[in-house]
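All remarks here apply to the structure that follows.
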Amino acid sequence: MADAAAAGGGAGHDEDVTRRDFLYIATGAFGVVGTAIALWPFVDSMNPSADTLALSTIEVDISGVEEGQSITVKWRGKPVFIRRRTQDEISEAESVALTELPDPQADEDRVQKAEWLIMVGVCTHLGCIPLGQKASDKKGDFGGWFCPCHGSHYDTSGRIRKGPAPENLPVPQYTFLDDTTVRIG
Amino acid sequence: MSNGNGQSGLVKWIDERLPVFTFMQHELNDYPTPKNLSYWWNFGSLAGFVLVVMIVTGIMLAMNYTPHVDYAFDSVERIMRDVNYGWLLRYIHMNGGSMFFIVVYIHIFRGLYYGSYKSPRELLWMLGVIILILMMATAFMGYVLPWGQMSFWGATVITNLFSAIPLIGEDVVTWLWGGFAVENPTLNRFYSLHYLFPFLIVGVVVLHMVALHTTKSNNPLGIDAKGPQDTIPFHPYYTMKDYFGIGVFLIFFAGFVFFAPNFFGEPDNYIEADPLVTPPHIVPEWYFLPYYAILRAFTEDYFLYVPISWLMSAKLAGVIAMFGSIFVLFALPWLDTSPVRSARFRPIYKQFFWLFLINCFILGVVGAKAPDDQVFTWFEGFQYVHLGQITTAYYFFHFLILFPLLGKLERPKPIPKSISEPVLPGGGTVAAGAAAKPMEKA
Ligand code: HEM
Ligand code: FES
Chain Y
1 MADAAAAGGG
11 AGHDEDVTRR
21 DFLYIATGAF
31 GVVGTAIALW
41 PFVDSMNPSA
51 DTLALSTIEV
61 DISGVEEGQS
71 ITVKWRGKPV
81 FIRRRTQDEI
91 SEAESVALTE
101 LPDPQADEDR
111 VQKAEWLIMV
121 GVCTHLGCIP
131 LGQKASDKKG
141 DFGGWFCPCH
151 GSHYDTSGRI
161 RKGPAPENLP
171 VPQYTFLDDT
181 TVRIG
Chain C
1001 MSNGNGQSGL
1011 VKWIDERLPV
1021 FTFMQHELND
1031 YPTPKNLSYW
1041 WNFGSLAGFV
1051 LVVMIVTGIM
1061 LAMNYTPHVD
1071 YAFDSVERIM
1081 RDVNYGWLLR
1091 YIHMNGGSMF
1101 FIVVYIHIFR
1111 GLYYGSYKSP
1121 RELLWMLGVI
1131 ILILMMATAF
1141 MGYVLPWGQM
1151 SFWGATVITN
1161 LFSAIPLIGE
1171 DVVTWLWGGF
1181 AVENPTLNRF
1191 YSLHYLFPFL
1201 IVGVVVLHMV
1211 ALHTTKSNNP
1221 LGIDAKGPQD
1231 TIPFHPYYTM
1241 KDYFGIGVFL
1251 IFFAGFVFFA
1261 PNFFGEPDNY
1271 IEADPLVTPP
1281 HIVPEWYFLP
1291 YYAILRAFTE
1301 DYFLYVPISW
1311 LMSAKLAGVI
1321 AMFGSIFVLF
1331 ALPWLDTSPV
1341 RSARFRPIYK
1351 QFFWLFLINC
1361 FILGVVGAKA
1371 PDDQVFTWFE
1381 GFQYVHLGQI
1391 TTAYYFFHFL
1401 ILFPLLGKLE
1411 RPKPIPKSIS
1421 EPVLPGGGTV
1431 AAGAAAKPME
1441 KA
């Protein structure tokens, strides 16, 4: 008799607990999801705003750039390197075997016109600006660009050859509007 | 004011409703402190003092500082030239950052030497590591505010570290910047957070103190106080000693502020930030140099990276190692298997401790040099990258291999029965049985 009562009471109690557990977990889960959703605007407010995003394009006059010279222009807050390469630099860039490259990419895939090398001048390691734009700059072991921050060497196609940077200097989207004007972006 | 009874009417009235006075009496006056603490135990209170100095000078600077890329540099120069005593506030704040790290690093090495991270002080130690991380974040963001060349390029390099994270790295960096490069949104958020973080530090310091007052201070012998004969009340003994320490420290601090205010700084930071020109040689503030050396020790072509080259890029490896060099401190209480706290009784650990300290200094030197500079003029081909790789390897060897092994292999020297024993015959009143336990978990 006492046993049965205890068992009955126990069972009833178990049932209660189960229902409560369900409500408890459901409420908890709802709360967590709700909080996560409520948090998103805070996180996203730190992403680039609409005015920052408004994609800018620039048009650059390259008529004054002689063979073997480079210019730097600012695009989206970053420097873009425009180099009019010499024949030597082009043939050197084209002759490298892809197997020698940490980030294999043929020179022809990096240029529209072999003479003009256009790329974002931001080291793919940690974002410094490599040297090599001026004639007097240190150009590294491969005659292209050299990043002084942690010693990355880029070749005459802007490809990474030595040092901590993992990737080649990125090539932005660009169009030649005519022989002397290029639009970047 | 003596314990409770001597309280005046008003104090008593308040204390019965909000026991702040009892609390202070208990934690600052009576707090039983081992009687054998050396001057190495001054650096905790010194750190607290510097934190207050940083907050006060920071709030004053904030009244004249403009967080905008077009005005930040000029507003700091205006503080230097036109604001009454602005130069003083800024030089105190600027050198105070360095002082903070000097004090905290000594405080940490004190802990390493005397085993203050061991049971039961694991959480106390881990809270300390959290404070260190918050301090580093605060100092890093503060350094960006004057918007000089080093501010800008330091910010660029360090935020770019996050691009090493697989898959989402680039998005994380854009999110941190609020744009596609370090620009005005970046400066704004760094200012906001630079203001916030010191107050988070205050919060963690409070927890650090709660943990300290629960486990009580360690001491140069690394054994527990066995009773009242081993302790003295905090006030007046250690309050006076701490004040004296602050006095000596202020002479040192003022020496820099008044006579060599730019000693720790970089001349390049007096050139306004130029996003198109990277300075030829980027160096972080001195207190980050060892980590910077660890970051740069991982390069495609050398031994440190080769064993893990199948797993990740050299860049990611460097970033993980750099953060790992700090996070490993969290695990230290469990990596060190020796039950003996103080290095005084650990003849072998003691030597490795000094080796580790020297190694940290060398890492600092490496961090300041260009990677392919020659270390010695007479040893052709040995560059700073190589030295950095050896010292980085030792850094991790010390924590991950040496600490676990030494505890097992080393034979500690006999440990005194109590703090009083070496100076008082019989060590006060400790029962022989209790004192005989050789390696009291103390
Ligand atoms: C943990 C405490 C703090 C540390 C370690 C710290 C560190 C720094 C550092 C290293 C700088 C760069 C100094 C320079 O080179 O010019 C700086 C600048 C600055 N800090 Fe702090 N800071 C702290 C607390 C605060 C607080 C609480 C505030 C404001 C309420 C503040 C406001 C400023 C301002 C306005 C600047 C820019 C002016 C300048 O560069 O001198 N700081 N901080
Ligand atoms: S940023 Fe160029 S090598 Fe590190």
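Just so you know, the sequences run in chain order Y and C.
Under the working numbering, think of the first position of the first sequence as 1, with each following residue one higher.
Under the working numbering, think of the first position of the second sequence as 1001, with each following residue one higher.
Cβ atoms here follow ideal geometry from the backbone N, Cα and C, with glycine treated the same way.
Looking at chain C, is there any beta carbon in it that lies within less than 9 Å of the beta carbon of Met-46/Y?
Under the Cβ criterion of 9 Å, Met-46/Y is counted among the residues facing chain C.
Pick from Ala-114/Y, Asp-88/Y, Val-111/Y and Thr-124/Y: whose alpha carbon is nearest that of Asp-103/Y?
Asp-103/Y has its Cα closest to that of Thr-124/Y, out of Ala-114/Y, Asp-88/Y, Val-111/Y and Thr-124/Y.
Proximal residues of chain Y, C-beta to C-beta of Leu-1046/C below 8 Å:
Here the premise fails: no neighbours, minimum Cβ distance about 34 Å.
Taking Leu-1250/C as the reference, give the member of Trp-1175/C, Val-1210/C and Val-1103/C with the closest Cα.
Ranking Trp-1175/C, Val-1210/C and Val-1103/C by Cα distance to Leu-1250/C puts Val-1103/C first.
Since Val-73/Y is in the beta strand (DSSP E), which residue starts that stretch and which ends it?
Where Val-73/Y is concerned, the enclosing beta strand (DSSP E) stretches over 70-75.
Count the other CB atoms within 10 Å of the CB of Gly-28/Y; is the residue buried (16 or more) or exposed (fewer)?
Result: exposed.
Suppose you measure from the CA of Trp-1013/C to the CA of Phe-30/Y; what does that come to, to the nearest Å?
Those two C-alpha atoms are separated by around 46 Å.
I need the DSSP call for Thr-1159/C, collapsed to helix, strand or coil.
Of the three classes helix, strand and coil, the one that applies to Thr-1159/C here is helix, per DSSP.
Give the range of the alpha helix (DSSP H) segment to which His-1093/C is assigned.
Per DSSP, His-1093/C belongs to the alpha helix (DSSP H) from 1086-1114.
Any C-beta of chain Y within less than 9 Å: which residues of the region 1266-1290 of chain C qualify?
Legend: CB atoms of the region 1266-1290 of chain C lying less than 9 Å from CB atoms of chain Y belong to residues Pro-1275, Leu-1276, Val-1277, Thr-1278, Pro-1279, Pro-1280, His-1281 and Ile-1282.
Interface residues of chain Y around Asp-1372/C at Cβ under 9 Å?
Gly-151, listed in chain order.
Of all the residues that make up the region 151-180 of chain Y, which are near chain C by a beta-carbon distance shorter than 8 Å?
Shown in chain order are the members of the region 151-180 of chain Y whose Cβ falls below 8 Å from a Cβ of chain C: Gly-151, Lys-162, Gly-163, Pro-164, Ala-165 and Pro-166.
8 Å CB neighbourhood of Asn-1003/C in its chain, flanking five on each side removed:
Only weak support exists for where Asn-1003/C lies, its pLDDT of 46 falling under 50; the coordinates are left without a value.
Residue ranges of each alpha helix (DSSP H) within the region 1266-1322 of chain C, 4 or longer:
List check, alpha helix (DSSP H) in window: 1289-1296.
For chain Y, find out if any of its Cβ atoms is closer than 9 Å to the Cβ of Glu-1016/C; answer yes or no.
False, the Cβ-Cβ gap to chain Y never drops below 9 Å.
Per-residue contacts from Ile-184/Y into chain C (C-beta, under 9 Å)
Here the premise fails: no neighbours, minimum Cβ distance about 13 Å.
Within 10 angstroms of its Cβ, does Ser-49/Y collect 16 or more other Cβ (buried), or is it exposed?
When all chains shown are included, Ser-49/Y counts as exposed.
Closer than 7 Å, Cβ to Cβ, to anything on chain Y: give me those residues from the region 1153-1184 of chain C, in chain order.
Within the region 1153-1184 of chain C, contact with chain Y at the beta-carbon level (separation under 7 Å) is assigned to Trp-1153, Thr-1156, Val-1157, Asn-1160, Leu-1161, Thr-1174, Trp-1175, Gly-1178, Gly-1179, Phe-1180, Ala-1181 and Glu-1183.
Indicate whether His-1068/C and Asn-1184/C have their beta-carbon atoms separated by less than 9 Å.
With a cutoff of 9 Å on beta-carbon distance, His-1068/C and Asn-1184/C are scored as near each other.
Local conformation of Ile-118/Y per DSSP, three classes
Here Ile-118/Y sits in strand by DSSP.
Taking Cβ positions, are Gly-1245/C and Phe-1399/C nearer each other than 9 Å?
The answer is no: Cβ separation not under 9 Å.
Can you name, in chain order, every residue of its own chain whose Cβ lies under 6 Å from the Cβ of Pro-170/Y, other than the five neighbours on each side?
The answer, listed in chain order, is Val-120.
Who are the Cβ neighbours of Met-1439/C in its own chain at under 6 Å, not counting the five residues just before and after it?
Residue placement at Met-1439/C cannot be trusted, given a pLDDT of 46 that sits under 50; what the coordinates show is reported in the next sentence. Non-local beta-carbon contacts of Met-1439/C in its own chain, meaning distances under 6 Å to residues more than five positions away in sequence, involve Pro-1339 in chain order.
Just to confirm, does Pro-164/Y get its C-beta within under 8 Å of one of the non-hydrogen atoms of the ligand FES?
Answer for Pro-164/Y: yes, Cβ within range of the ligand FES.
List, in chain order, every chain Y residue whose beta-carbon is nearer than 9 Å to that of Thr-1444/C.
Outside the modelled stretch of chain C, which goes from 1001 to 1442, sits residue 1444/C, for which no answer is possible.
Per-residue contacts from Ala-1314/C into chain Y (C-beta, under 8 Å)
What Ala-1314/C touches in chain Y: Pro-164 and Pro-166.
What does DSSP give as the partner residues of Tyr-174/Y in its beta bridges?
DSSP output for Tyr-174/Y lists Ile-184/Y as bridge partner(s).
Taking a contact to mean a Cβ-Cβ separation below 9 Å, would you say Pro-172/Y touches Gly-158/Y in this structure?
No, these two residues do not count as a Cβ contact at 9 Å.
Simplified DSSP state of Gly-144/Y, which is helix, strand or coil:
Strand, per DSSP.
For Asp-1336/C, name the three-state secondary structure that DSSP assigns.
Coil at Asp-1336/C, not helix or strand.
What does Tyr-154/Y pair with, by DSSP beta-bridge criteria?
The beta-bridge partner set that DSSP reports for Tyr-154/Y consists of Trp-145/Y and Ile-160/Y.
To the nearest angstrom, how far is it from the Cα of Ala-97/Y to the Cα of Ile-58/Y?
Between Ala-97/Y and Ile-58/Y, the C-alpha separation is close to 34 Å.
On a CA-only basis, which of Trp-1087/C, Pro-1412/C and Ile-1401/C is nearest Leu-1335/C? Give me that one, please.
Looking only at Trp-1087/C, Pro-1412/C and Ile-1401/C, the smallest Cα-Cα distance to Leu-1335/C is reached by Ile-1401/C.
Considering only heavy atoms of the ligand HEM, does any lie closer than 8 Å to the CB of Ile-992/C?
Look at the range of chain C in this structure, 1001 to 1442, and you will see that residue 992/C is not part of it.
The ligand HEM heavy atoms versus the CB of Leu-1051/C: any closer than 8 Å?
Yes, the beta carbon of Leu-1051/C sits closer than 8 Å to at least one heavy atom of the ligand HEM.
So who's on the other strand from Lys-113/Y, going by DSSP bridges?
Listed as beta-bridge partners of Lys-113/Y by DSSP are Trp-116/Y.
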